[in-house]
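In what follows, a single structure is set out as structure tokens and then discussed.
Numbering (my numbering), first residue to last: 17 to 633.
This is the structure:
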């Protein structure tokens, strides 16, 4: 048994069997293969048995691959890119994806969700290479290539000599005049006899009649570019005299070139649709993540509000209970005093009544002075009793609740606005583009870095050729990239600067002399002046009040929706946005580091690489 791989078979009824793989039979190999393709959980457990896989796959002949190909075709497709797996990996929940596809989906802040079963992982799962699936994909590609190779190179041995008696030899050439195919011996007459030498020979093919003009029974040797049809030499003077005729080789070359262009265009459209598909899938994943986050935040917010209401209700009821208990306590004290005095007075009254019935004068006079009212009695006419005031308790409780909820609302609104801004910024950053500065548009005082990512105002004006593209007075430079549809986003570092201008502009803007940064003139920009004066050029200018001095500004444009928005990328705060923008033509990023101001504004504007916003910022 040493040296022979063990093959783990699928579990049935709670048991696991291990059999000697050796050389599996064709039926068992096919059954096991079909099981693996339809059972992803078991499929993962076999992925480490690479030697067994290779042995098994070698035991599956081509016809068996064809038998299970229809059932396995969908199993070998990644559910994200809908292509055959490339570097297949498995998730802990048992589903398989291309490594690149699932990594792109999970290259976002957690939690992480399986695209198929929507199982949520709060920490990024470890991906396992699925070696079995990789072997199956490799074998499939190999068989596809072999099949394609057979189709692209048909076996010319199928064309047999028309002269040979049985057994017929393989034809070497076909004659378009004789309409027959000849083997090497029978072809000699066409190579030696002068009359036959003029016959047109070609590589052996079947159905030679299809290569003749149906009207003149002559070989189709020319191509009519006017009618887009193949013609013979007799068709030309009779029916195609004024038409554009080409040789078959020339027409084939031209059509092949056109076909290649069409194929390239088709491939371009396929790539566009794949990119759009990936964009939709990415947006869907992002939407699912945001829904989960919003659900959690919503539950937290409403739970906090309900807890506030519940707490205020409990305080209100406790206050009423305390007032009620205090009233009862005071009333009980007064009742006890009254009952005690009543008891004493009744006792005195009884003694007086008994004495009044006495007939002994001496006894009466001796005890009568002692029957005075008990000492220490309270003057109850001045005593009043009222319960603790409860009127207005509900109103006071509601007022206090309103105040508490208002404070909590303000706090939650700030928190939710901050979270919403962060989510919005992360969504915008998905449309990041690589922007470089266009030296052909840079005003002559500006200095650009070699990588065309940085710009500042120099101390010496350069001698540059004037052109319609270049700004001549104002220190501006455009980006090299233009946009006429879709959405894009870029970021610019403004740290250490006291003045700058940023935004986008139409291609047709005035680049000569002075101009105002307004949408009417084709500019959608925000500017900084005097270190802390932020404005948006929106005729009239709008003053901005950022929570802090932005160190880096993000610019987002939705061309189709007519939207331009600016963000402080450190806090994710929205600085300003333009709506209903009428672009109508190409737009370009526009930058101005403003003048040097004797070194006080010498810091550079830097077009930076976009990094997805995180709370750590």
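Where is the CB? At the ideal position from N, CA and C, for every residue including glycine.
- A Cβ-Cβ contact shorter than 8 Å links residue 105 with residue 113.
- By the neighbour-count criterion, in which a residue is buried when 16 or more other Cβ atoms sit within 10 angstroms of its Cβ, residue 368 is exposed.
- Secondary structure at residue 568: strand, using DSSP grouped into helix, strand and coil.
- Within the same chain, 175, 190, 197 and 227 come within 8 Å of residue 221 by CB-CB distance, once the 5 residues on both sides are set aside.
- Excluding residues up to 5 positions away in sequence, 512 and 513 lie with their Cβ nearer than 6 Å to the Cβ of residue 619 in the same chain.
- If you draw a straight line from the Cα of residue 492 to the Cα of residue 610, it comes to about 8 Å.
- As computed with DSSP, residue 532 is found in no beta bridge at all.
- Here residue 527 is buried, its C-beta having at least 16 other C-beta atoms within 10 Å.
- Counting C-beta pairs closer than 8 Å gives fewer than three between the stretch 462–479 and the stretch 429–437, which falls short of the contact rule.
- A residue is called buried when at least 16 other Cβ atoms come within 10 angstroms of its Cβ; residue 291 does not meet this threshold and is exposed.
- Counting C-beta atoms within 10 angstroms of its own C-beta, residue 138 has fewer than 16 neighbours from the protein chains shown and is therefore classed as exposed.
- Linking residue 233 to residue 297 through their CA atoms gives a straight-line distance of about 59 Å.
- Under DSSP, the beta-bridge partners assigned to residue 217 are 191.
- With respect to the C-alpha of residue 588, the residue from 615, 568 and 553 having the closest C-alpha is 568.
- Comparing alpha carbon positions, the residue from 500, 110, 253 and 556 closest to residue 577 is 500.
- Here residue 562 carries a coil assignment [DSSP, helix/strand/coil].
- Annotation: residue 185 to residue 264 spans about 30 Å, alpha carbon to alpha carbon.
- About 6 Å separates the Cβ atoms of residue 92 and residue 153, confirming a contact at the 8 Å cut-off.
- Counted as a single uninterrupted DSSP element, the beta strand (DSSP E) harbouring residue 503 occupies residues 503–509.
- Annotated three-state conformation of residue 272 is helix, per DSSP.
- The C-alpha of residue 318 lies about 12 Å from the C-alpha of residue 310.
- Between the alpha carbons of residue 621 and residue 132 lies a distance of about 45 Å.
- Judged by DSSP secondary structure, residue 460 falls outside any beta strand (DSSP E); it is assigned neither H nor E.
- Rounded to whole angstroms, residue 96 and residue 192 show a C-alpha spacing of 53 Å.
- For residue 470, the enclosing beta strand (DSSP E) has its first and last residue at 470–473.
- Rounded to whole angstroms, the gap between the alpha carbons of residue 529 and residue 562 is 31 Å.
- For the options 358, 597, 231 and 617, the alpha carbon positioned closest to that of residue 608 is the one of 617.
- Here DSSP, grouped into helix, strand and coil, assigns residue 296 to helix.
- Under DSSP, residue 593 takes part in a beta bridge, and its partners are 581.
- Nearest to residue 333 by C-alpha distance, out of 533, 243 and 414, is 414.
- Contact fails between the stretch 346–357 and the stretch 377–389, because fewer than three Cβ pairs, one in each stretch, are under 8 Å apart.
- With contacts defined as CB atoms closer than 8 Å, residue 490 and residue 518 fail to qualify as a contacting pair.
- Counting other Cβ atoms within 10 Å of its Cβ, residue 331 stays below 16 and is therefore classed as exposed.
- Taking C-beta atoms as the reference points, residue 441 and residue 585 count as a pair closer than 8 Å.
- Inclusion of residue 494 and residue 593 in the CB contact set at 8 Å is not warranted, their separation being larger than that value.
- With a threshold of 16 other beta carbon atoms within 10 Å, residue 148 meets it and is buried.
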